[in-house]
Amino acid sequence: MKLSIVVPCYNEEAVLSRFDETVRAVLAGLAVEYELCYVDDGSADGTLARLRGLAQQHRGTTRYLSFSRNFGKEPAILAGLREATGDAVILMDADLQHPPGLIETMLDLYQLGHDQVVAKRSRTGDRRLRSTLSRLYYRAVNQWVDVELTDGMGDFRLLSRKAVDALLSLPEYNRFSKGLFSWIGFDTVTFDYRNAAREAGETKWRFGSLVNYGIDGLLSFNCRPLRLAIYAGLGLASLAAVYTLWIVGAALAGGVTAPGYVTLVAIIVGLGGLQMVMLGLIGEYIGRIYYEAKQRPHFLVKESNAAPATASVPGPAGPATAGSPTG
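Position 111, counted from 1, in the sequence shown is what UniProt numbering calls 111; the numbers after and before it change by one each time, with no gaps.
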């Protein structure tokens, strides 16, 4: 069998050579044909130069793409999956927080017939606040979304060719891979591993990025927040009707009195805030429709050692790549 390792990279110059050396050492002890597919997501450091060197050093087993700018990890994953030609594909980060030593375990489970082999990391070493917020987020979001999202299950996984083809058949522009992995289904098995420290460089995930990623997860696989607006409107209308009856009753019993200023301000501010939240939710969904309707490429490629390529263009039959049959 042939195994493809897909590695999205963004400013990973400091650790890339170490990652490549470690992964090849692991793969050398396995009875598989392999290729490493690197995707440079518009890095501002020397990542691309390192990839050129690796491609020269390991001809035939190294493929790389370099985006024209930073498009984000989701397009990088998509590009890597399109480039991968293996019977099975493993997604890994280049910072060595995904231990290459687990590749053998993944292959053993894949040989048992599983289409997705997912490494679920522990949160050992994470800050307590971050771990608590993460658990609370997944507990809350799973009450809303139409797929199951599990804390600790990320991009580090093995996908069979069947699963990869299923992912590539999904044409949406706004991609949330965690949800897509769950949505396609197929036989899935998980195993736990201890969280590893980053070998070099700095994390690309800031608090704001995590918040935006969480919102993407909430909105990508359901429209229940829009339905919540209906329920909130009906609830407020009911409260308004009850309050009106109470005011009329009070006026009939004790006469008309001056309305409460504080109550009026509280109602106006409260309703205004609720309306803005609902408009924001509607705007998020409209914005996603806007991006889907434009059908812009997921990414643009400025350099590749695989084949000439310029863009990933979603078409009527699903995503395709302009200028190259492989992406």
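Note that beta-carbon positions come from the ideal geometry of N, C-alpha and C, so glycine has one too.
Our two residues, Gly53 and Thr62, have alpha carbons roughly 10 Å apart in a direct line. Each residue's CA atom was taken as its position, placing Ser68 and Ile90 some 25 Å apart. Of the candidates Arg24, Gly60, Phe71 and Thr22, Phe71 places its Cα closest to the Cα of Tyr10. In this model, Phe186 and Arg161 are separated by some 12 Å (Cα to Cα). Considering only Gly80, Ala232, Pro171 and Leu3, the residue with the shortest C-alpha distance to Gly273 is Ala232. When the five nearest sequence neighbours on each side are left out, no beta carbon in the same chain lies closer than 7 Å to the beta carbon of Tyr290. Per DSSP, the continuous alpha helix (DSSP H) segment holding Ser17 begins and ends at Glu13 to Ala28.
By the Cβ test, the region 16-35 is not in contact with the region 110-124, since fewer than three Cβ pairs between them sit closer than 8 Å. Ala88 sits in a strand when the DSSP states are folded into three classes.
Collapsing the DSSP output to three states places Ala163 in a helix. Look at Met1 here: in three-state DSSP terms it is coil, with no helix or strand label. DSSP places Glu284 within a helical segment (H, G or I) once states are collapsed to three. The Cβ atoms of Met153 and Thr105 lie no closer than 8 Å to each other. Relative to Val164, the option among Ala84, Leu236 and Ala94 whose CA is nearest is Ala84. For Glu33, the enclosing beta strand (DSSP E) has its first and last residue at Glu33 to Asp40. The criterion of a C-beta distance shorter than 8 Å is satisfied by Asp115 and Thr188. DSSP, read as helix, strand or coil, puts Phe176 in coil. According to the DSSP assignment, Thr190 belongs to the beta strand (DSSP E) that extends over Thr188 to Tyr193. Of all alpha-carbon atoms in Arg24, Asp87 and Met92, the one lying nearest the alpha-carbon of Val39 is that of Met92.
The beta carbons of Val15 and Asp95 sit closer together than 8 Å.
Straight-line measurement puts the Cα of Pro100 at about 49 Å from the Cα of Gln275. Taking the CA atoms as reference points, Ile267 sits about 14 Å from Val242. In this structure Leu168 is in contact with Arg82, their Cβ atoms being roughly 6 Å apart against a cut-off of 8 Å. Looking at the DSSP output, Ser304 shares a beta bridge with Leu65. Across the set Gly249, Thr132, Leu180 and Phe156, the C-alpha of Leu180 shows the shortest separation from the C-alpha of Ala166.
By the neighbour-count criterion, in which a residue is buried when 16 or more other Cβ atoms sit within 10 angstroms of its Cβ, Tyr110 is buried. In this structure His58 is exposed. Its beta-carbon is surrounded by fewer than 16 other beta-carbon atoms within 10 angstroms.
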